[in-house]
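*Asks:* Chains as they are written, first to last, in the working numbering: chain A, 2 to 131; chain B, 158 to 348.
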Amino acid sequence: MRRLTEHDEAEINSILSREDEILPSSGFTVSVMDAVRREAAAPPPIPFPWKRALPGLVVAGLALSLILVGGVAAIARLGKATTPQLSMSMPPVPPPIFHGDIGAAAIWTVLALLVAFVSVKLSMRVASRM
Amino acid sequence: MNASATDDQADVERVLAGNIAAFEGIVQRWQTPLVNLAYRFCHDRGRSEDMAQEAFLRAYRGLGQWRKDAVFSTWLFALATNLYRSELRRIPARTVSLEDIAEPPDTRISDGGQEDRDYDRDLAVRRGVGALPAKYREALTLFYFHDMDIGTAARSLGLPEGTLKARLFRGREILRGKLPQLLAVPHLKEA
């Protein structure tokens with residue numbers, strides 16, 4: 002492959018330096034200033050309503066923590082309850098996650114639904130006020 | 158501080174004090190460079206004006222963020238360059254591949270004049286730059302736009318000078334590899 006000489010380098014510099022200059026169209030300044038005035042006239046962006054959202058966020062955070070703690074506790078209980086499977090002939094049957102009665106499971110489900118309902122209602126209320 | 162920099166600072170202070178009309182002075186002083194810089198990125202006249210307008214709007218919104226330790230034009234060019242780069246990443250300019258432009262010009266269809274060959278070669282080199290990977294293309298574009306001033310080009314791109322030099326070197330190396338036929342066109346002026 003032919004190597005470029007200093008002359009070629011200078012030529013590339015010369016070609017790329019003498020790019021044609023274009024002039025903005027006559028209405029460019031007016032168009033920019035119109036856009037700037039529109040920008041200045043527009044109301045400032047609405048800040049996020051942290052004060053209103055805070056209770057909902059706290060409730061959601063607490064609910065999430067409770068679920069995580071509950072999940073970890075359930076897994077820990079599961080680990081203690083299961084015995085090692087020595088026989089390979091029988092497929093292992095997964096033990097139930099909750100050892101409590103069906104009533105306890107129902108309470109958890111109702112609680113989860115309640116948290117979801119309150120979150121939705123709260124966010125709808127906040128949105129309708131804005 | 159030169160007259161333009163003083164005018165810029167005065168206009169910025171007036172705009173920040175609530176006089177929006179003072180921004181027009183900034184637009185008039187910098188519209189041609191900003192439109193031309195955009196044009197070097199996209200090679201589309203209409204789009205370059207749209208991009209320059211958006212750059213002015215962003216400058217207006219961010220005037221308060223200009224720290225006066227740098228000249229206003231440096232800040233403005235850096236802002237515009239950043240915007241143009243992201244705009245070109247979003248919707249790339251129409252380019253051709255380097256393989257497509259590496260053919261020497263067909264002298265059979267032109268009248269074989271020196272002007273034709275020069276034009277073809279200039280066009281091929283520019284398209285060659287346009288087909289480079291973005292980081293080399295941007296380095297070359299800014300370097301030549303700022304009249305081969307490494308420091309100003311580096312500040313516009315927000316890069317250390319050493320990085321810019323490396324990119325310029327690599328960009329030229331790629332061009333070298335791809336364009337030898339074009340630069341091998343005989344130099345009649347020297348014959």
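All residues carry an ideal CB built from backbone N, CA and C; glycine is no exception. Here the structure is a predicted model, which means the values were calculated and not measured.
(1) Smallest Cα separation from residue 113 (chain A): which of A:64, A:21, A:41 and A:45?
(2) Determine the burial state of residue 24 (chain A): buried for a count of at least 16 other Cβ atoms within 10 Å of its Cβ, exposed for fewer.
(3) Give a yes or no on whether 9 Å exceeds the smallest Cβ distance from residue 234 (chain B) to chain D.
(4) Residues of chain B with a CB under 7 Å from the CB of residue 47 (chain A): which are they?
(5) Give me the Cβ distance between residue 325 (chain B) and residue 281 (chain B), rounded to the nearest whole Å; I'm assuming they're in contact under 8 Å.
(6) Report the neighbours of residue 25 (chain A) on chain B: residues whose CB is nearer than 8 Å to its CB, in chain order.
(7) Any beta-carbon of chain B closer than 9 Å to the one on residue 13 (chain A)?
(8) For residue 196 (chain B), which of A:14, A:22 and A:50 has the nearest alpha-carbon?
(9) Can you tell me the Cβ-Cβ gap for residue 318 (chain B) and residue 307 (chain B), rounded? I've got them flagged as a contact below 8 Å.
(10) Going along chain B in order, which residues have a C-beta closer than 7 Å to the C-beta of residue 38 (chain A)?
(11) Residue 9 (chain A) to residue 322 (chain B), Cα distance in whole Å?
(12) For a test of the three-state rule: what should DSSP assign to residue 264 (chain B), helix, strand or coil?
(13) Distance, Cα to Cα, residue 214 (chain B) vs residue 163 (chain B)?
(14) Applying the criterion that 16 or more other CB atoms from any shown protein chain within 10 Å of the CB defines a buried residue, is residue 168 (chain B) buried or exposed?
(15) Does the beta carbon of residue 114 (chain A) come closer than 9 Å to any beta carbon on chain B?
(16) Ignore the nearest five residues each way along the sequence and tell me which others in residue 293 (chain B)'s own chain have a CB closer than 7 Å to its CB.
(17) List the residues of chain B whose Cβ lies closer than 7 Å to the Cβ of residue 43 (chain A), in chain order.
(18) For residue 118 (chain A), does the count of other Cβ atoms within 10 angstroms reach 16, so buried, or fall short, so exposed?
(19) Would you mind reading off the limits of the alpha helix (DSSP H) that contains residue 322 (chain B)?
(20) Between the stretch 55 to 64 of chain A and the stretch 233 to 248 of chain B, do three or more beta carbon pairs fall short of 8 Å?
(21) Between residue 123 (chain A) and residue 301 (chain B), how many whole angstroms is the CB-CB distance? I'm expecting something under 8 Å.
*Replies:* Put simply:
(1) As a first step, residue 113 (chain A) is located in the first sequence; it is residue number 112 there, counting from the start. Checked all of A:64, A:21, A:41 and A:45; the closest Cα to residue 113 (chain A) is A:64.
(2) Working through the first sequence from its first residue, we reach residue 24 (chain A) at position 23. Classification for residue 24 (chain A): exposed.
(3) Among the protein chains of the structure shown, namely A and B, there is no chain D.
(4) Your numbering for residue 47 (chain A) matches position 46 in the first sequence. Under the 7 Å cutoff, chain B gives no residues; its nearest Cβ is about 16 Å from residue 47 (chain A).
(5) If you number the second sequence from 1, residue 325 (chain B) lands on position 168. If you number the second sequence from 1, residue 281 (chain B) lands on position 124. About 19 Å; that fails the 8 Å criterion.
(6) Position 24 of the first sequence holds residue 25 (chain A). Chain order gives the chain B residues near residue 25 (chain A) as 188, 189, 192, 206 and 209, where near means a beta carbon separation below 8 Å.
(7) Along the first sequence, one-based indexing puts residue 13 (chain A) at 12. By this cut-off, residue 13 (chain A) is an interface position.
(8) The sequence position of residue 196 (chain B) within the second sequence is 39, counting from 1. Cα-wise, what sits closest to residue 196 (chain B) is A:22.
(9) In the second sequence, counting from the first residue as 1, residue 318 (chain B) sits at position 161. In the second sequence, counting from the first residue as 1, residue 307 (chain B) sits at position 150. Yes, they are in contact, since the Cβ atoms of residue 318 (chain B) and residue 307 (chain B) sit about 5 Å apart, within 8 Å.
(10) If you number the first sequence from 1, residue 38 (chain A) lands on position 37. Within 7 Å Cβ-Cβ: 177.
(11) Counting from one through the first sequence, the residue named residue 9 (chain A) turns up at place 8. Counting from one through the second sequence, the residue named residue 322 (chain B) turns up at place 165. Cα to Cα, residue 9 (chain A) sits roughly 19 Å from residue 322 (chain B).
(12) Indexing the second sequence from 1 puts residue 264 (chain B) at position 107. Here the model assigns residue 264 (chain B) a pLDDT of 47, short of 50, so the residue's position is not dependable, and the following value carries that caveat. Residue 264 (chain B) falls in the coil class under three-state DSSP.
(13) Against the second sequence, residue 214 (chain B) aligns to sequence position 57. Against the second sequence, residue 163 (chain B) aligns to sequence position 6. The straight-line gap from Cα to Cα measures roughly 21 Å.
(14) Here residue 168 (chain B) refers to the residue found at position 11 of the second sequence. Buried, because 16 or more other Cβ atoms sit within 10 Å of the Cβ of residue 168 (chain B).
(15) Position 113 of the first sequence, counting from 1, holds the residue named residue 114 (chain A). False, the Cβ-Cβ gap to chain B never drops below 9 Å.
(16) Looking up residue 293 (chain B) in the second sequence gives position 136. The answer, listed in chain order, is 324, 327, 328 and 331.
(17) Here residue 43 (chain A) corresponds to residue number 42 of the first sequence, with the count starting at 1. Those do not exist, as residue 43 (chain A) stays about 11 Å from chain B at its closest Cβ, beyond 7 Å.
(18) Your numbering for residue 118 (chain A) matches position 117 in the first sequence. By the neighbour-count rule (16 or more Cβ atoms within 10 Å), residue 118 (chain A) is not buried but exposed.
(19) In the second sequence, the residue the question calls residue 322 (chain B) occupies position 165. 318 to 335 is the span of the alpha helix (DSSP H), which, as asked, contains residue 322 (chain B).
(20) no
(21) Counted from its first residue, the first sequence places residue 123 (chain A) at position 122. Counted from its first residue, the second sequence places residue 301 (chain B) at position 144. Actually they do not touch by this definition, with Cβ atoms about 58 Å apart.
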